[in-house]
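Everything on this sheet refers to the single structure shown next.
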Amino acid sequence: MYDARHLANFSLDFAGRTGFALSHMAVQKLVFFAHGWSLAHRGKPMVKNAFEAWKYGPVVRVLWDAFKQFGNKPVTTRALFVDPMTGLASYQAYAFGNEDVAFLETVLSYYVGFSAFTLSDLTHEAGMPWRTVREEMTRSANIGATIPDSEIRKSFESLSLAWLASRSTIVAPATLTQGNYLPMVLGPVPKT
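The sequence shown begins at 615 in the numbering used here and counts up one residue at a time.
This is how it looks when you write it as structure tokens:
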């Protein structure tokens with residue numbers, strides 16, 4: 615498991631290498647999709663931070679703190695880590711294993727080209743964990759309600775099964791290292 619800031623920084627670097635600029639909202643959603651697909655297909659979380667059910671979808675609070683100053687403009691810096699002893703903020707390089715890099719690049723390759731609002735809309739689809747948690751909330755607060763990993767995993771597993779069931783012929787999944795598989799289509803397809 616990694617700190618969400620490492621995944622965010624990796625996502626920003628990946629987007630930059632592939633010609634995309636990401637807003638704060640897009641970064642939040644990309645980290646969420648990577649986490650969800652990892653739970654569903656690899657049986658393990660990608661991030662150790664909790665996702666909260668905010669108004670526009672799942673949010674990791676440390677990412678909000680790191681990138682809120684950008685609003686809906688492209689993020690041009692990387693998330694920093696604050697030393698609790700000194701109070702000084704500094705960049706920490708991410709270090710992912712080869713399997714995690716391959717997995718993240720597969721997920722990001724699919725989602726990175728979608729707009730932040732499309733990514734947000736995808737998290738709001740029926741059956742997605744953000745929607746489930748928001749519907750269960752008894753008050754209309756925008757922040758604070760945690761989305762349990764068990765709900766995230768269940769939703770992403772259902773997306774995989776629905777995708778496979780919608781195919782009229784057998785489709786070979788994209789192979790990741792060490793026998794892990796991910797469907798060719800990684801999630802809800804935006805409505806056109």
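In this text, a Cβ means the ideal position worked out from N, Cα and C, and glycines have one as well.
None of these values were measured; they are calculated from a predicted model.
Open item on the list: Using the three-state DSSP reduction, which class does G711 fall into: helix, strand or coil?
Closed with: coil
TODO: Have a look at T691 and T632 and give me their C-alpha separation to the nearest angstrom.
DONE: 17 Å
Task: Same chain, Cβ closer than 8 Å to L636, neighbours up to 5 away in sequence not counted - done: Taken in chain order, the residues that qualify are S625, L626, A629, L644, P688, V689, V726 and A730.
Open item on the list: Using C-beta distances below 6 Å, list every residue in its chain close to V747, excluding the 5 sequence neighbours before and after it, in chain order.
Closed with: Answer for V747: A667, A759 and I761, listed in chain order.
Open item on the list: Quick check: the Cα distance between M742 and K669, rounded to an integer number of angstroms?
Closed with: 14 Å
Task: Same chain only: Cβ atoms within 7 Å of K682, ignoring 5 sequence neighbours per side - done: H638
Open item on the list: As an exercise, report each continuous alpha helix (DSSP H) stretch of at least 4 residues that is fully enclosed by the segment 643 to 701, in chain order.
Closed with: List check, alpha helix (DSSP H) in window: 675 to 681.
Task: Inter-residue spacing [alpha-carbon to alpha-carbon] between S769 and Y616 - done: Cα to Cα, the separation comes out at about 21 Å.
Open item on the list: Please state the DSSP three-state secondary structure of T760.
Closed with: strand
TODO: Would you grab the beta carbon distance between A693 and R767 for me? Rounded to a whole angstrom, and I think it's under 8 Å.
DONE: Not quite, the Cβ-Cβ distance comes to about 25 Å (not below 8 Å), so this is no contact.
TODO: Run the CB neighbour count on Q642, radius 10 Å, all protein chains shown included, and call it buried at 16 or more, exposed below.
DONE: buried
- [ ] Note the first and the last residue of the continuous alpha helix (DSSP H) segment covering F628.
- [x] A618 to R631
Open item on the list: For the alpha helix (DSSP H) containing S637, name the first residue and the last one.
Closed with: Premise fails: S637 is in no alpha helix (DSSP H) and is neither H nor E.
- [ ] Spatial neighbours of G650 within its chain, please: CB distance less than 6 Å, with the 5 preceding and 5 following residues excluded, ordered by chain position.
- [x] I766 and F770
Task: S729, DSSP secondary structure in three states - done: coil
TODO: Return helix, strand or coil for A740, following the three-state DSSP convention.
DONE: A740 falls in the coil class under three-state DSSP.
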